[in-house]
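Working notes, structure below.
There are 2 protein chains.
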Amino acid sequence: MEIGGQTESGANGGGGGGFRAARCWELLRWAAGVLRGKAVGLAGRLGRIARDEPRRVAHSVKVGLALTLVSVLYYVRPLFNSWGASTMWAVLTVVVVMEYTVGGTLCKGLNRASGTLVAGFIAVGAHKVAYMCGDKAEPVLLAIFVFLLSSAATFSRFIPEVKARYDYGVTIFILTFSLVAVSSYRVDELIRLAHRRFSTIAVGVATCLCTTIFVFPVWAGEGLHKLAIANLNKLAEFLEGIESECFRENATFENLEAKPFLQVYQSVLNSKATEDSLCNFAKWEPCHGKFKLRHPWSQYQKLGALCRECASSMEALSSYVVTLARTEYPEAHPELCSQQVRTACRQMSLHSAKALRELTAAMRTMTTVPSPASVHVSAAIKAAKGLRDGLSEGADLARAMHVAVIASLLSELVTKTKQITESVDVLARLARFRNPETTQTHKGVAIDVVS
Amino acid sequence: MEIGGQTESGANGGGGGGFRAARCWELLRWAAGVLRGKAVGLAGRLGRIARDEPRRVAHSVKVGLALTLVSVLYYVRPLFNSWGASTMWAVLTVVVVMEYTVGGTLCKGLNRASGTLVAGFIAVGAHKVAYMCGDKAEPVLLAIFVFLLSSAATFSRFIPEVKARYDYGVTIFILTFSLVAVSSYRVDELIRLAHRRFSTIAVGVATCLCTTIFVFPVWAGEGLHKLAIANLNKLAEFLEGIESECFRENATFENLEAKPFLQVYQSVLNSKATEDSLCNFAKWEPCHGKFKLRHPWSQYQKLGALCRECASSMEALSSYVVTLARTEYPEAHPELCSQQVRTACRQMSLHSAKALRELTAAMRTMTTVPSPASVHVSAAIKAAKGLRDGLSEGADLARAMHVAVIASLLSELVTKTKQITESVDVLARLARFRNPETTQTHKGVAIDVVS
Chain A
2 MEIGGQTESG ANGGGGGGFR AARCWELLRW AAGVLRGKAV GLAGRLGRIA
52 RDEPRRVAHS VKVGLALTLV SVLYYVRPLF NSWGASTMWA VLTVVVVMEY
102 TVGGTLCKGL NRASGTLVAG FIAVGAHKVA YMCGDKAEPV LLAIFVFLLS
152 SAATFSRFIP EVKARYDYGV TIFILTFSLV AVSSYRVDEL IRLAHRRFST
202 IAVGVATCLC TTIFVFPVWA GEGLHKLAIA NLNKLAEFLE GIESECFREN
252 ATFENLEAKP FLQVYQSVLN SKATEDSLCN FAKWEPCHGK FKLRHPWSQY
302 QKLGALCREC ASSMEALSSY VVTLARTEYP EAHPELCSQQ VRTACRQMSL
352 HSAKALRELT AAMRTMTTVP SPASVHVSAA IKAAKGLRDG LSEGADLARA
402 MHVAVIASLL SELVTKTKQI TESVDVLARL ARFRNPETTQ THKGVAIDVV
452 S
Chain B
2 MEIGGQTESG ANGGGGGGFR AARCWELLRW AAGVLRGKAV GLAGRLGRIA
52 RDEPRRVAHS VKVGLALTLV SVLYYVRPLF NSWGASTMWA VLTVVVVMEY
102 TVGGTLCKGL NRASGTLVAG FIAVGAHKVA YMCGDKAEPV LLAIFVFLLS
152 SAATFSRFIP EVKARYDYGV TIFILTFSLV AVSSYRVDEL IRLAHRRFST
202 IAVGVATCLC TTIFVFPVWA GEGLHKLAIA NLNKLAEFLE GIESECFREN
252 ATFENLEAKP FLQVYQSVLN SKATEDSLCN FAKWEPCHGK FKLRHPWSQY
302 QKLGALCREC ASSMEALSSY VVTLARTEYP EAHPELCSQQ VRTACRQMSL
352 HSAKALRELT AAMRTMTTVP SPASVHVSAA IKAAKGLRDG LSEGADLARA
402 MHVAVIASLL SELVTKTKQI TESVDVLARL ARFRNPETTQ THKGVAIDVV
452 S
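Respectively, the protein sequence lines represent chains A and B. In this note's numbering, each residue's number is its place in the first sequence (first place is 1) plus 1. In this note's numbering, each residue's number is its place in the second sequence (first place is 1) plus 1.
In structure tokens:
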């Protein structure tokens, strides 16, 4: 059709030109429409990101503010004249040091300042040693120094403690040492340059810290505390959902898979990375709000690990509940599916959920664990024990239940193995893994032909 | 004793001096011993890190090599004279761009180069606009540009796709734009500067790429492939351990907790962060070894998610097995603890483990999933189904088992809730959370006293 239009316009000059212009116009309008659609979509997405967490907008504005503040150093002539091109280092520092949380900015800022200072001293020393060895040896010696120190510093980054807290400082150490060591200045000039550079970096770090701390501060410690509360809340929500949808008198088990509470544990399972980085940054922060200087941040990691274990049990439980709802069992086993079991299950989930809610309330107000929490935990444990004791006059049924659980979990694992096999199969297909059987058959055919 | 010695030395000059010297000497020797001990410990640790992964040593040497290569630019006078102080940018680029994997280096290098290029063009444009508005308006206008663009770019980093792939590029964009926009040069000079800076950065990136690709390359894609194989192997190891220690004829259940196979799933559970970063870097890599250009890297993430689900079921299973081993049940339920159940469990774990081993072999040789794997999966599924059918002539026992599992998982959750309560309690004690009850009592006392 496109080609037809073109030949037509070739045969019939004026009218064809009008037709072509009309088509061009249409195309342009279509393109504009598509672009407008994309732009509206993107704007909607950006709006959602901003609404979800308004502090993100504040952070963006803060970065702009800090950069504008630092760039004033360029415009104010007296400052610029005394520091010269080194002012650039203040801008550079602001861009790379400014992080979302106060702890992150402090960690990077202090790492940058101390890395620069230490590397500067060592580099000046190396320069003096090389300078004394004469004109010929100087570059060779400096190259050897750079090679040895940067290799050693890079290797130190593989030590887990250094990686966790001083990774950026080591990078800056390598950077500063190489820059100072290889620049072919005389030593006295070098010291003046190093001093100037260090002071500009200090100005950059100070600008960042003032902006992050005094303009809508985002504290990593507070974030970690809130994450712990949110995780506990999600666990409680799951247990409440299970209680109301599965174990209450008139529970129907209907349409279970669509219920949001059955998915709520997933974000808890994936919270480890966020938690670790927040905990790492929180350790750098000064006291703020209700958090004192030596707040036990590592304890949050232990709590998080327990929450994730709990969530992983919930994952198993939810898959069972869904299967149970899907399978139509004609008749219940009189002993195990009695009112007694249902009541015990209800008690267990209800009291556990209530205990967790009490814990979140205590965490939120930062008060000691209230007695109701312990009461609920005891009630839940009592229900679990009662179920075990009541069901098994002898211990035989208890053991039977235990074995049943193991057998069921194993058959669950079998299903998972099947899914894994399918997934590897998809991978093999997508990546075009070689098929050993067809190659063999081909060989067989070849031999047949030859023979 | 210290003070006694000092007064003694005060009273009796010479002998006391000798005594003091001897103590100093002792102290020095003690300090040297401690330092030697620490140094030996550190050396041992570094040696272990190097032995665990010799490529780490290679990476450290590569960084040193790339830096030394780039610093040659300083020593070779003709090069230095034509580029001037901009040579510094090559050194800076090498330090920050050099990553452990080829994909990481490529990602950072391309991000850096494109970020610099785009920002450079926009900054020159902004400079021209500001220049036309006159001497007074120029700095104000430039400051506004810096503020707006850096805020917008920082906000774009919160979009997940940008964060995952172009985070570093956006940082470099902000950096370059601010640097170029605020530097008070004339436009023609600016273009020469930008050109020079871009070419030094390109030289830095090229040096990094040559070193990472041609000297002992570490491919993120290969790492991801090996991680998937290792995860599958660990799952198989767990199932084999369960089979041999719990379901075999003469299985004793003895000393189970100390067995390493019961902990093997934990590293699978925590593999998400490594997997995500490797997958992200692998997408940047060119074809290498057996991996073609558009290898389906995302499929590894799906496989990894399944492996983690599997590992989380294993966590539940292992806690059950350990409890079962610890509890002394006097007698087994005749129906559930029979030889039949044990055999079925053995079949399920054995065949699943074998299927997983087949899968790892297929992944290692990059061949399609072999038929034995499917055969083993079918055998495992048959065993699971046989157990279910065989146990329940009617479906009542099957349902009973199902309910038993749910009740047991719930009572497991109760135990976890108890642990969480204890953990929060520890946190409250360590962080000195305020106790609402004592404050109330104090108030009560105060009122009593007042009244």
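Even glycine gets a Cβ: it sits at the ideal position worked out from N, Cα and C. Predicted model, so just to flag it, every value in this text is computed and none were measured.
Measure the C-alpha to C-alpha separation of residue i and residue j and round it to an integer number of angstroms.
i      : j      : result
A:F434 : A:K137 : 57 Å
A:G290 : A:G222 : 10 Å
A:G116 : A:K164 : 14 Å
A:F20  : A:A44  : 36 Å
B:A384 : A:H60  : 57 Å
A:G110 : B:L191 : 30 Å
A:S379 : A:M367 : 23 Å
A:N436 : A:A408 : 35 Å
A:L351 : A:V323 : 19 Å
B:S152 : B:L176 : 12 Å
A:L93  : B:L93  : 12 Å
B:V130 : B:F178 : 14 Å
B:I214 : B:V62  : 14 Å
B:L28  : B:G34  : 10 Å
A:K39  : A:R24  : 22 Å
A:P335 : B:Q348 : At A:P335 the pLDDT is 46, less than 50, meaning the model places this residue with poor confidence; the figure from the coordinates comes in the next sentence. Straight-line Cα distance between these residues: approximately 30 Å.
Return the chain-ordered list of same chain residues with a C-beta closer than 7 Å to the C-beta of residue i, the five sequence neighbours on each side being excluded.
i      : result
B:F239 : F262, V265, Y266, M315
B:L360 : L233, V370, A374
A:P287 : L294
B:A67  : V95, M99, T208, C209, T212
A:V119 : F174
A:L304 : A229
A:L70  : T208
Grab the span of the alpha helix (DSSP H) containing residue i for me, first residue to last.
i      : result
A:K129 : 103-133
B:A432 : Careful: B:A432 lies outside any alpha helix (DSSP H) and carries neither H nor E.
A:P140 : 138-157
B:C346 : 340-366
A:W90  : 88-98
B:Y167 : 161-183
A:E276 : 273-283
A:S268 : 267-270
A:L227 : Residue 227 of chain A is actually Lys in this sequence, not Leu. First-last of the alpha helix (DSSP H) with A:K227: 221-243.
Quick one: what's residue i bridged to in DSSP?
i      : result
A:R309 : Its beta-bridge partners do not exist; DSSP assigns none.
B:F292 : B:H289
Quick one: what's got a C-beta closer than 6 Å to residue i's C-beta in the same chain, skipping five residues either side?
i      : result
B:F217 : A59
A:I243 : S350
B:L107 : W285
Taking the CB atoms as reference points, tell me whether residue i and residue j lie closer together than 9 Å.
i      : j      : result
B:P297 : A:L428 : yes
B:G104 : B:W285 : yes
B:F292 : A:A432 : yes
A:L143 : B:S72  : yes
A:F199 : A:A127 : no
A:L388 : B:S412 : yes
A:K273 : B:N271 : yes
B:T418 : A:A381 : yes
B:G205 : B:W90  : yes
B:E246 : B:L257 : yes
A:G224 : A:L307 : no
A:C346 : B:I421 : no
B:Y301 : A:V406 : no
Grab me the residues of residue i's own chain with a C-beta within less than 8 Å of its C-beta, minus the 5 sequence neighbours each way, in chain order.
i      : result
A:L410 : A317
A:M364 : H226, A229, I230, L233
B:R343 : F248
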